[in-house]
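Note that the numbering used here numbers the sequence shown so that position 31 is 31, with each residue one more than the last.
Even for Gly, the Cβ is constructed at its ideal location relative to N, Cα and C.
Since the model is a prediction, treat every value here as computed from it, not as a measurement.
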Amino acid sequence: MLFIFIAIAAGIISPYDPWDRFEPYLSPGQSHILGTNDMGNDIFSELLYGARVSLMVGFGASIIATFFGIVIGLVSGYYRGLIDEILMAITDIYLMIPRIPLIIILAALMRPSFWIIMLLIGFLWWPTTARVVRSSTLQIRDASFILSAKSLGFKDKHILLSDILPNIIHIIIPKFMLTIASAMFSEASISFLGLGDPTMKSWGMMLNFAFMKGGLINEMWWWYLPPGLCIVGVVFSLMLIGFSLEEKENIVMGLE
Numbered sequence: 001m002l003f004i005f006i007a008i009a010a011g012i013i014s015p016y017d018p019w020d021r022f023e024p025y026l027s028p029g030q031s032h033i034l035g036t037n038d039m040g041n042d043i044f045s046e047l048l049y050g051a052r053v054s055l056m057v058g059f060g061a062s063i064i065a066t067f068f069g070i071v072i073g074l075v076s077g078y079y080r081g082l083i084d085e086i087l088m089a090i091t092d093i094y095l096m097i098p099r100i101p102l103i104i105i106l107a108a109l110m111r112p113s114f115w116i117i118m119l120l121i122g123f124l125w126w127p128t129t130a131r132v133v134r135s136s137t138l139q140i141r142d143a144s145f146i147l148s149a150k151s152l153g154f155k156d157k158h159i160l161l162s163d164i165l166p167n168i169i170h171i172i173i174p175k176f177m178l179t180i181a182s183a184m185f186s187e188a189s190i191s192f193l194g195l196g197d198p199t200m201k202s203w204g205m206m207l208n209f210a211f212m213k214g215g216l217i218n219e220m221w222w223w224y225l226p227p228g229l230c231i232v233g234v235v236f237s238l239m240l241i242g243f244s245l246e247e248k249e250n251i252v253m254g255l256e
C-alpha cells in the first residue's frame with residue numbers, strides 16, 4: 001500500500017519533475033535528498049515517478065496473464081476431451097520456454113517500448129494460472145449445482161462465468177499477486193540490460209543508467225541502492241501476500 005500510494009501521489013510529493021536538470025553528479029544534500037544523476041535529474045524524484053512505471057508494468061502484465069490463464073483454464077477444465085488436450089499441450093510448450101531469455105531476444109529485436117515489454121511478459125506468464133484454474137474447474141465441474149444448472153438449460157458461458165468462476169476466484173487472486181511480483185522483477189531485469197524504454201523512468205532503467213554512467217564504479221550508492229531496495233521491497237511484499245493467501249486457501253481446503 002505504501003508503494004501504491006507513492007505511485008499515485010508522485011506528482012504531489014515529488015520535489016521536482018524527474019526530467020528537470022540541475023548540476024550533475026551531486027551528492028545527497030538538503031536540495032536533493034538522493035543527489036542527481038549524470039544528466040542532472042533529481043534521483044529522489046526519479047525514484048517516486050519510477051514507482052508508477054514499475055507498478056504499471058507489474059499490474060498490467062499480471063492482468064493480461066491472468067485473463068488468458070482464466071480463459072484457457074476454464075475452457076480446458078470444463079470441456080475436457082480434445083479441447084483439453086490441445087490447450088494443455090500448448091500450455092506445456094509455453095512452460096518449457098525459457099521466458100526471460102525469450103523476452104530479452106524479442107525486446108532486442110523490437111523497438112524498446114513500455115507497452116511491448118508489458119505485453120511480452122503478460123503473454124508469457126499465463127500458463128501457471130491456466131494450470132491452477134483448470135485443476136480447480138475439474139474439481140467442481142461435476143458438482144451438484146453445476147449439474148442442476150445444466151439440467152435447467154443454462155448455456156455453457158453462463159455456467160462458466162456465473163457458477164464456476166466465482167467459486168475459484170479465491171484461488172486466482174494469490175496467483176495474480178505472485179504474477180505481479182514476477183512481472184516487476186522481469187521488467188527490472190530487462191531494463192537493467194538496456195532493453196527497456198529509455199523514455200520511461202522505471203526502477204530498472206534507473207539501475208541501468210547507474211551502471212552505464214559510472215554510478216556503480218564511483219560507488220554512488222544513493223543512485224543505484226534506492227531503486228534496488230524498492231524493487232526488492234515490492235516483490236518481497238507481493239510474494240508474502242501471495243503465499244499467505246495460498247496458505248489460507250490450503251487450510252480452508254483441508255478443513256473442507
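Report task. Would you tell me roughly how many angstroms separate the C-alpha atoms of isoleucine 86 and arginine 80, rounded to the nearest one? Result -> The residue given as residue 86 occupies position 86 in the sequence shown. The residue given as residue 80 occupies position 80 in the sequence shown. Isoleucine 86 and arginine 80: Cα-Cα distance of roughly 10 Å.
**Report entry** Continuous alpha helix (DSSP H) stretch holding serine 62: start and end
**Finding:** Indexing the sequence shown from 1 puts residue 62 at position 62. For serine 62, the enclosing alpha helix (DSSP H) starts and ends at 43 to 79.
Query raised in the report: Distance, Cα to Cα, alanine 124 vs arginine 99?
Result: Taking the first residue of the sequence shown as position 1, residue 124 is located at position 124. Taking the first residue of the sequence shown as position 1, residue 99 is located at position 99. Per the sequence presented here, residue 124 reads as leucine, with alanine not at that position. CA-CA distance, leucine 124 to arginine 99, rounds to 7 Å.
Query - Other residues of its chain near histidine 158: CB distance less than 8 Å, five sequence neighbours each side excluded - result: In the sequence shown, residue 158 corresponds to position 158, counting from 1. The residues are Ala149.
Query raised in the report: Hey, how far is the Cα of isoleucine 13 from the Cα of isoleucine 140?
Result: Reading the sequence shown from its first residue, position 13 is the one you call residue 13. Reading the sequence shown from its first residue, position 140 is the one you call residue 140. Between the alpha carbons of isoleucine 13 and isoleucine 140 lies a distance of about 49 Å.
Query raised in the report: What is the DSSP secondary structure of threonine 137, counted as helix, strand or coil?
Result: Within the sequence shown, the letter at position 137 stands for residue 137. Threonine 137 falls in the helix class under three-state DSSP.
Requested in this report: Determine the DSSP secondary structure at threonine 199, reduced to helix, strand or coil.
Outcome: Against the sequence shown, residue 199 aligns to sequence position 199. Correct three-state label for threonine 199: coil.
Query raised in the report: Contact between the segment 165 to 179 and the segment 57 to 70: three or more CB pairs below 8 Å?
Result: Contact between the segment 165 to 179 and the segment 57 to 70 is present: three or more C-beta pairs spanning the two stretches fall below 8 Å.
Query raised in the report: Are the beta-carbon atoms belonging to threonine 129 and threonine 36 less than 7 Å from one another?
Result: Along the sequence shown, one-based indexing puts residue 129 at 129. Along the sequence shown, one-based indexing puts residue 36 at 36. No. Outside cutoff.
**Report entry** Own chain, CB closer than 6 Å to tryptophan 222, minus 5 neighbours either side, in chain order
**Finding:** Locating residue 222 in the sequence shown gives position 222, where the first residue counts as 1. A distance below 6 Å between beta-carbons, with the five flanking residues on each side excluded, links tryptophan 222 to the following residues of its chain, in chain order: Pro28, Leu34 and Gly35.
Query raised in the report: Helix, strand or coil: which one does DSSP assign to isoleucine 173?
Result: Numbered from 1 along the sequence shown, position 173 holds the residue referred to as residue 173. Helix at isoleucine 173.
Requested in this report: With a 10 Å radius around its C-beta and 16 neighbouring C-beta atoms as the bar for buried, classify aspartate 92 as buried or exposed.
Outcome: Position 92 of the sequence shown, counted from the first residue, corresponds to residue 92. Aspartate 92 is exposed by the Cβ-count criterion.
Report task. Just the C-alpha distance for methionine 110 and serine 144, rounded to the nearest angstrom, thanks. Result -> Here residue 110 refers to the residue found at position 110 of the sequence shown. Here residue 144 refers to the residue found at position 144 of the sequence shown. Roughly 50 Å between the two C-alpha positions.
Report task. Answer with buried or exposed for valine 232, where buried requires no fewer than 16 other C-beta atoms within 10 angstroms of its C-beta. Result -> By 1-based counting over the sequence shown, the position of residue 232 is 232. Answer is exposed; the Cβ neighbour count stays below 16.
Query raised in the report: At what residue ranges does the segment 80 to 151 contain a whole run of the alpha helix (DSSP H), taking only runs of 4 or more?
Result: The segment 80 to 151 contains these whole alpha helix (DSSP H) runs: 81 to 96, 99 to 109, 114 to 124, 127 to 140 and 144 to 151.
Query raised in the report: Can you tell me the Cα-Cα spacing of serine 186 and glycine 153, whole angstroms?
Result: Locating residue 186 in the sequence shown gives position 186, counting from the first residue. Locating residue 153 in the sequence shown gives position 153, counting from the first residue. Each residue's Cα considered, the two are about 45 Å apart.
Query raised in the report: Where do the ends of the alpha helix (DSSP H) carrying isoleucine 4 lie?
Result: To locate residue 4, count along the sequence shown from 1; it is residue 4. Going by DSSP, isoleucine 4 is part of the alpha helix (DSSP H) stretching over 2 to 8.
Requested in this report: Would you list the residues sitting across from threonine 36 in a DSSP beta bridge?
Outcome: Here the question's residue 36 lines up with position 36 in the sequence shown. Here threonine 36 is bridged, per DSSP, to Asp42.
Requested in this report: Alpha carbon to alpha carbon, how far is isoleucine 168 from serine 76? Give it in angstroms, no decimals.
Outcome: By one-based count along the sequence shown, residue 76 stands at place 76. By one-based count along the sequence shown, residue 168 stands at place 168. Rounded to whole angstroms, the gap between the alpha carbons of serine 76 and isoleucine 168 is 15 Å.
Query raised in the report: Which residue from Trp115, Phe22 and Asp42 puts its Cα closest to that of proline 226?
Result: Position 226 of the sequence shown, counted from the first residue, corresponds to residue 226. For proline 226, the nearest C-alpha among the options comes from Asp42.
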